[in-house]
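Asks:
Residue numbers (the numbering used here), protein chains in the order written: chain A, 49 to 220; chain B, 21 to 297.
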């Protein structure tokens with residue numbers, strides 16, 4: 049239990065730093081911006097209570113907002129993400145199937161499940177984020193292309209990170 | 021009552037979602053109305069300090085470019101020195117010049133946080149109220165116009181960049197001084213602006229310089245960009261045209277805050293006039 053807390057704390061800090069100081073400066077053709085930090089919410093253990101899950105998502109969002117100067121924007125998207133996560137997991141995973149609190153990582157759940165999971169959750173998050181940021185319907189084609197390209201970039205980075213930590217998790 | 025409680029606990033995820041989503045959206049919408057929520061911007065102590073640290077490292081990576089631009093500016097300024105002109109008059113006498121008084125002074129500042137890829141872009145600079153920065157001052161750099169100070173902390177300030185959907189600056193064409201205003205282009209391209217509401221008499225040419233006008237926060241004649249494309253819309257009273265911005269906003273390192281010594285007096289007079297009417 050305490051191991052899970054430490055792992056998630058480290059993951060939180062590393063992802064915030066990575067997002068704010070590295071990925072914030074990366075934009076491909078002014079269209080595709082990765083938001084890898086949502087991986088923190090994706091990888092929380094299955095048995096996280098709902099209240100804690102929402103509180104952590106909100107905290108993550110507001111931390112990113114502090115650095116992006118957009119109070120509330122990322123927080124709102126992250127809370128939506130947490131809700132979609134609960135729905136998705138309740139549909140696809142059997143409640144009593146997991147022993148000693150596994151996390152929804154690539155190495156435990158397998159590539160097919162993880163890819164669908166990451167893709168659907170990222171799409172929800174990015175769609176909400178980009179539309180809330182622009183808040184106008186007049187730029188829909190531009191917003192949609194940003195949304196699609198950024199989602200591809202984010203999911204790609206997530207799978208990459210998943211494979212990077214693949215073996216190490218399996219051995220433990 | 022008991023049934024209601026059971027209902028709420030059964031669907032607790034949904035209700036928690038509603039509560040947190042409403043909190044976030046309230047923060048987001050409030051922020052938009054009241055411009056800056058003080059407690060959570062990059063001027064606040066923690067994020068500001070972190071950005072300053074990381075910027076210290078980043079500075080080394082761009083030393084060469086910064087040097088080049090400083091050298092270029094030095095050369096340009098040296099060209100304007102009296103000593104670089106040949107004097108052909110023999111008798112010199114000193115004139116007490118009372119016509120010109122300095123109206124603009126500049127505070128140099130370093131950019132410690134910057135963005136160009138969103139629809140609302142801001143810079144954070146390392147000068148604040150302690151160094152004399154006041155909300156509403158203009159910000160320029162060696163290659164042209166940068167933006168406007170919107171939020172001032174004690175040591176840091178936030179500048180609303182030209183690349184912001186609400187930015188709008190008074191501008192003029194170089195040749196015939198026709199006035200218009202310049203905005204960021206709609207498609208969020210960081211190299212493109214639009215000059216709007218220029219009178220029909222102006223005959224702009226592609227490549228003509230666009231400068232700040234005397235009605236702006238800036239001294240007249242600060243470079244904004246070049247006309248790159250003319251939109252001729254038939255029947256309109258005014259002309260719009262595309263402007264290629266002269267500043268590369270993704271590479272800003274040092275900027276100058278423009279202090280207009282008469283700004284306060286002007287604002288006071290204009291406010292008084294409004295009151296009298």
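The beta carbon of each residue, even a glycine, is placed where N, CA and C say it ideally should be.
Mind listing which residues of the segment 142-175 of chain B have their C-beta closer than 7 Å to chain A's C-betas, in chain order?
Replies: If the cut-off is 7 Å between Cβ atoms, the segment 142-175 of chain B has 142 near chain A.
Asks: Using 7 Å as the limit for Cβ to Cβ distance, is residue 62 of chain A near chain B?
Replies: Not one chain B Cβ lies under 7 Å of residue 62 of chain A.
Asks: Would you identify the three-state DSSP class for residue 258 of chain B, choosing helix, strand or coil?
Replies: Residue 258 of chain B falls in the strand class under three-state DSSP.
Asks: I need the DSSP call for residue 240 of chain B, collapsed to helix, strand or coil.
Replies: DSSP places residue 240 of chain B in coil when its eight states are reduced to three.
Asks: Starting from the C-beta of residue 88 of chain A, find all residues in its chain whose C-beta is less than 6 Å away, skip the five residues before and the five after it, and write them out in chain order.
Replies: Counting only Cβ-Cβ distances below 6 Å, and skipping sequence neighbours, we find 59, 60, 63, 108.
Asks: Once the 5 residues before and after residue 136 of chain B are set aside, which same chain residues still bring their CB inside 8 Å of it?
Replies: Cβ within range, chain order: 181, 183, 210, 269, 270.
Asks: Thinking C-alpha only, which one of B:239, B:84, B:142, B:244 is nearest residue 283 of chain B?
Replies: The shortest Cα separation from residue 283 of chain B among B:239, B:84, B:142, B:244 belongs to B:239.
Asks: Determine the chain B residues that contact residue 52 of chain A at a beta-carbon separation under 7 Å, and present them in chain order.
Replies: Chain B residues near residue 52 of chain A: none, gap ~21 Å exceeds 7 Å.
Asks: For residue 225 of chain B, name the three-state secondary structure that DSSP assigns.
Replies: Correct three-state label for residue 225 of chain B: coil.
Asks: Could you give the DSSP three-state label for residue 127 of chain B: helix, strand or coil?
Replies: The answer is strand: DSSP assigns residue 127 of chain B an E or B state.
Asks: Alpha carbon to alpha carbon, what distance is there between residue 190 of chain A and residue 179 of chain A?
Replies: Straight-line Cα distance between these residues: approximately 11 Å.
Asks: In angstroms, rounded to a whole number, what distance separates the CA positions of residue 202 of chain A and residue 122 of chain A?
Replies: Rounded to the nearest angstrom, the two C-alpha atoms are 15 Å apart.
Asks: With a CB to CB cut of under 7 Å and the five nearest residues on each side skipped, what residues in its chain are close to residue 195 of chain B?
Replies: Counting only Cβ-Cβ distances below 7 Å, and skipping sequence neighbours, we find 228.
Asks: Report the rounded CA-to-CA distance for residue 193 of chain A versus residue 141 of chain B, giving the unit in angstroms.
Replies: Taking the straight line joining both Cα atoms gives about 20 Å.
Asks: Could you pull the start and end residues of the beta strand (DSSP E) that residue 284 of chain B belongs to?
Replies: Element bounds for residue 284 of chain B: not the beta strand (DSSP E) but the alpha helix (DSSP H), 283-296.
Asks: So, helix, strand or coil for residue 211 of chain B, using DSSP?
Replies: If DSSP states are grouped into helix, strand and coil, residue 211 of chain B belongs with coil.
Asks: Output the distance between the C-alpha atoms of residue 250 of chain B and residue 272 of chain B, rounded to the nearest integer angstrom.
Replies: In a straight line, the C-alpha of residue 250 of chain B is about 28 Å away from that of residue 272 of chain B.
Asks: List, in order along the chain, the chain B residues whose C-beta lies closer than 9 Å to that of residue 181 of chain A?
Replies: Simply 138, 139, 140.
Asks: Within this structure, are the beta carbons of residue 204 of chain B and residue 187 of chain B separated by less than 7 Å?
Replies: Yes, they are a contact pair.
Asks: I want to see whether chain B comes within less than 7 Å of residue 121 of chain A, judged by CB atoms only; does it?
Replies: For residue 121 of chain A, the answer is yes, since a Cβ of chain B falls inside 7 Å of its Cβ.
Asks: Please report the Cβ distance between residue 199 of chain A and residue 174 of chain A, rounded to the nearest whole angstrom; I am assuming they are in contact, meaning their Cβ atoms lie under 8 Å.
Replies: Their Cβ separation, rounded to whole angstroms, is 5 Å, which keeps residue 199 of chain A and residue 174 of chain A in contact under 8 Å.
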